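Everything below concerns the one structure shown next.
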Amino acid sequence: MNRFKASKFKNCIPKIPKKQDWIADIGVASSSSNVNNIKCGQRLIAYNTDSLGVLGLTPLEVVNGEKKTVSRLHCHSALNAHGDLVQGVCWSQDGVLLGTSCKDKRLRVFDVRKSKGSVQDAQGHDNNRDSRVLWTNSKNHLLTSGFNQVREREALLWDLRNFSRPATSFSLDASSGLLIPLYDVDTGLLILAAQGEGTVYCLEVNTETPSIAQISQCVTEQQSRGLALVPKLCLDVMSCELLCLLQLTDRFIIPISYSIPRKSVQELQIDLFPDTAGGTPALSAKSWWEGENKQVQKVSLDPSRKPAPACPLNVGKQAVRQEREIVSPDAEPSEASGILSPSSSVTSPSSGIVSSTSQRSLQNILGPSSRLRHIEGVIVHRNNHITNLRGVSQSTPGECDGFCLNYQRLALPLAGPGGQVAVLELSQNGRLPDTLPTIQNKVPVMDLTWDPFNPHRLVAGGEDGRIRVWQIPAKGLTETLTEPEIVLVGHNERIYTVRFHPCASDLLVSSSYDLMVQIWNLKTAKNVLTLQGHEDQIFSLAWSPDGRFLATCSKDQRVRIYEPRISNKPQQEGPGPEGARGARILWVCNGKYLLVSGFDSKSERQLSLYRPEELSCGPITSLSIDVSPSTLIPHYDPDTSLLVLSGKGDTRAFLYEVLPDPPYFLECNSFNSSDPHKGLQFMRKVDCAVRDVEVLRGVRLSNSSLEPMAFRVPRVKKEFFQDDIFPPSVVSWEPSLSADEWLSGKDRQQRSITLCPEGMIPVSQAPKEAPVKKTLPSSFYLQEKTDEQKKEELLSAMVAKLGNRDDPLPQDAFEGVDEDEWD
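For the sequence shown, full-length UniProt numbering assigns the number 1 to the initial residue and increments by one for each residue that follows.
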């Protein structure tokens with residue numbers, strides 16, 4: 001392009017697809033470096049994940065509508081000492097020279113086969129903050145991006161024949177984000193974008209008459225974490241797709257397509273799409289080190305002439321085997337990798353490339369969707385509410401859920417002196433009287449919980465470090481209770497959390513400000529086990545589903561797993577949430593994983609998933625939710641693997657389906673309320689209306705009322721029992737062993753029951769309907785006829801309607817009168 005000639009790329013327009021075409025649930029963390037963080041090949045997309053030393057891999061395209069598989073590749077640390085910080089490295093297009101940019105503001109060119117020193121060097125950007133270097137399509141020209149002396153971002157074009165100063169420059173605004181350069185060798189187009197920003201610049205670089213001119217500017221919806229160009233062999237060239245850019249964000253990979261409008265799309269536009277470098281190497285590494293130079297053979301972008309190996313149309317077993325070899329997890333990760341993920345292999349043939357357009361192919365790899373994604377959360381009719389609720393405590397600590405319930409009644413702390421607790425019967429809905437009988441706990445209540453095997457037993461942890469066990473009358477509170485049944489004394493500071501054992505009766509665990517975790521036998525009212533090892537406040541604790549292990553999460557940013565009957569020290573220990581506001585922990589996927597809800601270093605609410613046997617390696621995946629001061633309290637349904645997350649003071653509850661395999665979290669419809677709630681609690685599975693496909697039933701606590709809510713999954717054939725989402729459910733209200741049996745080392749699982757109502761047939765056994773024969777409309781047959789046939793049929797229809805012209809007239813049938821009648 002010169003001053004008097006318009007560029008052929010002037011009408012190149014970027015296009016961002018709709019959100020459903022983005023690649024979601026990838027798990028990208030913030031990075032202190034300004035690297036691209038994402039690269040795209042002809043078959044795979046690689047990006048930096050939120051785990052240390054782990055790369056994420058996902059196929060660029062899939063075949064036959066198969067689902068995307070997200071994989072993890074563990075990298076080895078192999079960094080050698082360097083005299084200065086190298087900020088950018090690039091090869092020349094012929095593979096002879098190597099260019100680098102360093103923090104010492106110097107640009108260097110190396111011929112590594114001849115000398116370890118540089119063959120050329122020059123003063124680079126005036127500011128040493130950070131820089132990048134790229135080689136253009138000319139062997140004599142380099143491109144760099146960095147900052148000038150006044151901290152403005154700039155791109156410089158260098159000529160090796162006059163390396164003392166840049167041939168031309170292009171300056172932008174003053175900003176802290178480094179411009180990431182992406183260069184297309186065939187067209188000479190340069191893409192510039194910075195991390196933490198949403199603007200993408202497209203420029204044309206001319207090395208003949210050195211110039212850099214801006215073509216377009218695109219503002220995206222999300223901030224960039226990295227950028228990558230899709231290879232030319234994977235573009236839809238017949239639609240004049242010139243470039244396809246992949247924008248890496250915190251939760252998405254967004255494709256941005258650059259196309260040029262042309263009238264004719266029947267033939268390849270040779271001026272826009274010259275032959276490009278193929279995917280076959282020109283020589284081996286050994287030959288290159290011996291001094292041999294060869295160029296990669298160029299191939300045509302014409303689909304009719306494109307070689308099959310570049311983008312195979314059919315990906316068979318051989319291609320899948322090759323793909324597995326590329327990302328095989330058999331190699332042992334180094335100690336620095338920190339994570340061992342057995343499921344880190346690409347096991348699907350979806351990593352091949354098909355001949356569809358890049359836009360369509362990226363839409364195919366959005367990945368699996370949850371079977372519960374259309375779940376609907378509703379507040380039941382107001383007649384079932386409990387209203388006129390007064391004096392609800394506003395000062396319960398963050399470790400407390402706010403209130404607790406069982407299948408008969410609920411308990412919630414009240415404001416005021418004496419540590420009052422209200423106990424309300426769920427069957428007695430409507431307006432409450434102004435005054436209620438309460439439990440007088442004498443000190444403020446820190447946490448409270450119901451005995452899962454005794455609906456009349458309530459346990460409350462007090463600020464004085466004592467745990468009080470209350471026995472509620474069968475018909476509910478009719479008068480104020482002042483004397484507890486049992487008082488457990490053992491902690492020296494206030495109580496954090498109290499939880500019952502999921503399988504053994506009369507077994508309670510508590511945590512306190514004294515950093516001790518104690519296990520109590522309520523039958524003897526004595527402390528039987530004490531767990532140690534915490535160094536700061538204990539945020540949360542949870543029993544494993546089989547009752548063998550106890551997991552804790554504390555303010556010292558550590559997650560611990562205990563086996564109390566074996567040792568009072570943690571068996572496993574690993575890094576926890578970085579934030580110090582609070583956290584919650586629970587077991588999911590039948591005890592296969594640990595889920596921790598907390599905050600990251602940026603105060604974002606975050607979910608982290610751990611493998612218990614590899615706790616020291618850190619989370620296998622993390623999911624950032626939003627920014628809010630309250631901790632997300634998780635509620636997990638083991639039958640459907642549905643996770644409900646909501647914080648105190650929120651108006652929204654997030655719903656996810658938790659999977660045992662990547663991508664681990666599948667988002668479902670959220671539940672929204674008109675006013676903030678103080679907590680959510682859920683009932684047993686047998687209390688759900690199974691006939692209405694109700695998978696969860698709970699209670700929402702607001703400022704002055706308790707509102708029952710139901711979560712239903714829309715289904716067409718509700719007359720059948722939906723056994724795909726109602727598996728046999730554990731009888732959680734019946735113990736499988738006593739406290740003494742558990743303490744002696746016995747383990748016994750609880751029994752399960754079917755939720756199928758009497759008389760309903762499971763949908764898996766429903767009779768198949770006979771296929772209905774489809775009758776095509778008459779318009780279909782008319783469309784198949786020629787114009788002459790249509791004309792003849794129209795004339796025939798008109799004649800038939802008017803009648804035959806040869807038929808006698810009506811008056812011909814009339815009979816006249818006799819002659820004598822005329823007289």
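C-beta: ideal position from N, C-alpha, C; glycine also.
A quick note: this is a predicted structure, and the numbers were derived from the prediction, not measured.
{"Check": "For M709, count neighbouring C-beta atoms within 10 Å of its own C-beta (all shown protein chains included) and say buried if the count is 16 or more, exposed if not.", "Outcome": "buried"}
{"Check": "Could you check whether Q123 and K105 sit closer than 8 angstroms to each other, using their CB atoms as the reference points?", "Outcome": "yes"}
{"Check": "Using DSSP bridges, identify the partner residues of N527.", "Outcome": "W520"}
{"Check": "Identify whether M760 lies in helix, strand or coil by the three-state DSSP scheme.", "Outcome": "coil"}
{"Check": "DSSP has K39 in a bridge; who is on the other side?", "Outcome": "A46"}
{"Check": "Taking just the CA atoms, how far does D723 sit from L405?", "Outcome": "27 angstroms"}
{"Check": "Given a threshold of 16 other Cβ atoms within 10 Å of its Cβ, counted over all protein chains shown, does C703 qualify as buried or as exposed?", "Outcome": "The sequence as given places Asn at residue 703; Cys does not occur at that position. So N703 counts as exposed."}
{"Check": "Just list the residues that DSSP pairs L233 with in beta bridges.", "Outcome": "Paired residues: none, contrary to the question."}
{"Check": "I need the straight-line Cα distance from G99 to G56, nearest angstrom please.", "Outcome": "28 angstroms"}
{"Check": "I need the DSSP call for V327, collapsed to helix, strand or coil.", "Outcome": "Reliability of the predicted coordinates at V327 is poor, the pLDDT of 36 falling under 50, and the value obtained from them is presented with this limitation in mind. Coil at V327, not helix or strand."}
{"Check": "Taking only the alpha-carbon atoms, compute the straight-line gap between L550 and N454 and give it to the nearest angstrom.", "Outcome": "22 angstroms"}
{"Check": "For L632, which residues of its own chain have a beta-carbon under 8 angstroms away from its beta-carbon, when the five flanking residues on both sides are left out?", "Outcome": "R584, S597, R605, L607, I625, L645, S646, G647 and F654"}
{"Check": "Report the residue from D546, S512, R565 and A542 whose alpha carbon sits nearest the alpha carbon of V528.", "Outcome": "R565"}
{"Check": "Which residues mark the beginning and the end of the beta strand (DSSP E) in which K15 is found?", "Outcome": "I13 to K15"}
{"Check": "Answer yes or no: do A213 and P181 have a C-beta to C-beta separation smaller than 8 angstroms?", "Outcome": "no"}
{"Check": "So, with DSSP's three-state summary, where would you put L794?", "Outcome": "helix"}
{"Check": "Rounded to the nearest angstrom, how far is the Cβ of G462 from that of M446, given a contact under 8 angstroms?", "Outcome": "6 angstroms"}
{"Check": "According to DSSP, which residues form a beta bridge with Y513?", "Outcome": "DSSP lists no partner for Y513."}
{"Check": "Tell me the DSSP secondary structure of W22 in three-state form.", "Outcome": "coil"}
{"Check": "Short of 6 angstroms in beta carbon distance, which residues of its chain neighbour R581, apart from the five on each side in sequence? Order them along the chain.", "Outcome": "F599"}
{"Check": "Would you mind sorting I439 into buried or exposed? The rule is 16 or more other CB atoms within 10 Å of its CB.", "Outcome": "buried"}
{"Check": "Can you tell me which of the three DSSP states D687 falls into?", "Outcome": "helix"}
{"Check": "In whole angstroms, what separates the C-alpha of D650 from that of G679?", "Outcome": "9 angstroms"}
{"Check": "Quick one: complete beta strand (DSSP E) runs, 3+ long, within the region 522 to 608?", "Outcome": "526 to 531, 538 to 543, 550 to 554, 558 to 562, 572 to 575, 584 to 588 and 593 to 599"}
{"Check": "Find out if the Cβ-Cβ distance for the pair residue 881, L508 is shorter than 8 angstroms.", "Outcome": "No information on residue 881 is available, as it lies outside the stretch 1 to 823 that the chain covers here."}
{"Check": "In three-state DSSP terms, what is S239?", "Outcome": "helix"}
{"Check": "Among G419, P735 and E485, whose alpha-carbon lies nearest the alpha-carbon of S393?", "Outcome": "G419"}
{"Check": "My guess is that I191 and L245 are in contact by the Cβ rule of under 8 angstroms, so how many angstroms apart are they, rounded?", "Outcome": "6 angstroms"}
{"Check": "Using the Cα positions of W733 and G41, report the straight-line distance between them to the nearest angstrom.", "Outcome": "54 angstroms"}
{"Check": "Assuming P502 contacts G547 under a Cβ cut-off of 8 angstroms, what Cβ separation, rounded to an integer in Å, is found between them?", "Outcome": "5 angstroms"}
{"Check": "What number of angstroms, rounded off, separates the C-alpha of Q765 from the C-alpha of P728?", "Outcome": "16 angstroms"}
{"Check": "Apart from the five residues just before and just after K317, which ones in its own chain have a Cβ nearer than 6 angstroms to its Cβ?", "Outcome": "Caution is warranted here: a pLDDT of 33 is assigned to K317, below 50, making its placement in the model unreliable, and no coordinate value can be reported."}
{"Check": "Between E290, P303 and D111, which has its C-alpha nearest V265's C-alpha?", "Outcome": "P303"}
{"Check": "If you measure between the beta carbons of Q408 and L426, is that distance less than 8 angstroms?", "Outcome": "yes"}
{"Check": "What did DSSP end up calling I365 once you bin it into helix, strand or coil?", "Outcome": "Summary for I365: the model assigns pLDDT 45, below 50, so the residue's position carries little reliability, and this model does not support an answer."}
{"Check": "So, at 6 angstroms on beta carbons, what are the nonlocal neighbours of D556 in its own chain, with the 5 sequence-adjacent residues on each side left out?", "Outcome": "E535 and D536"}
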